[in-house]
Amino acid sequence: TDISRARAYANLKEIDKAEELFKKIIKKTNKKSGEAYFYYALFLSDIENPQEAIKCYDMILSIGASDDNVVRTLDKKGIELDKLGEYQEAIKCYDKALSIDENNLAVWCNKSIALSKLGEDQEAIKCYDKVLSIEENDLFALSNKGIAHDELEEYQEAIKCYDQILLIDENNVGALNNK
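Numbering (this note's numbering), first residue to last: 244 to 422.
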């Protein structure tokens, strides 16, 4: 398909060809292809153009999509907003996504990262706790929860997180260094 070709050009770092083809696809579909916008947004993100990627994600949301695609789109839009330092807006995207799929681990983790960047480590810990209630051995959540506890000077709690990581992976360098 044309989308596959555009993605192949992007993977080959043929940026101009990829961008030209994505634009042709979008025009050809009368701006109604959520799939084309999605892959174009990923491409724009890869070439570090978050503002344009956000516009694509907004187009997807305006076109309408299944719940799964809305969650995925909101998560990706939040990541781009995060790159721009727009953490509050990113959190709004994550919250909308979580209102559709409250058990999406990636969205919870991305929300917690944005919260930490705002210095809201206690709220970030609540997000990590939600992840761990779904997947108790999630190393990313455990590690970042430990870091958030460190930021709050809650060192015993941080050590508990690192100890739990080491029970899962005794050679985890991050946990060994942070402990």
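Cβ coordinates follow ideal geometry from the N, Cα and C atoms, glycine included.
Remember, it's a predicted structure, so these values are computed and weren't measured experimentally.
Would residue i be called buried (16 or more neighbouring beta carbons within 10 Å of its own) or exposed?
i: leucine 358; result: buried
i: alanine 251; result: exposed
i: valine 416; result: exposed
i: isoleucine 377; result: exposed
i: aspartate 428; result: Within the shown structure, residues of the chain are numbered from 244 to 422, placing residue 428 beyond reach of any answer.
i: leucine 361; result: exposed
i: serine 309; result: exposed
i: lysine 354; result: buried
i: isoleucine 411; result: exposed
i: tyrosine 330; result: buried
i: isoleucine 343; result: exposed
i: serine 386; result: buried
i: leucine 264; result: buried
i: serine 288; result: buried
i: tyrosine 398; result: exposed
Are the beta-carbon atoms of residue i and residue j separated by less than 8 Å?
i: glycine 445; j: isoleucine 303; result: Nothing about residue 445 can be reported from this structure: the residues present for the chain run from 244 to 422 only.
i: alanine 418; j: tyrosine 405; result: yes
i: valine 374; j: aspartate 381; result: yes
i: proline 293; j: lysine 326; result: yes
i: alanine 261; j: phenylalanine 286; result: yes
i: isoleucine 297; j: glutamate 323; result: yes
i: asparagine 346; j: alanine 340; result: no
i: isoleucine 290; j: isoleucine 258; result: yes
i: lysine 422; j: isoleucine 402; result: yes
i: aspartate 318; j: alanine 349; result: yes
i: cysteine 336; j: phenylalanine 383; result: no
i: aspartate 245; j: isoleucine 268; result: yes
i: isoleucine 306; j: lysine 271; result: no
i: tyrosine 300; j: alanine 284; result: yes
What are the uninterrupted segments assigned as alpha helix (DSSP H) that are 4 or more residues long and contained completely in the segment 323 to 351, given in chain order? Counting whole runs of 4 or more residues, the segment 323 to 351 contains the alpha helix (DSSP H) stretches 330 to 343.
So within the segment 258 to 322, which uninterrupted alpha helix (DSSP H) runs reach at least 4 residues, ignoring any that extend past its ends? 258 to 271, 277 to 289, 293 to 306
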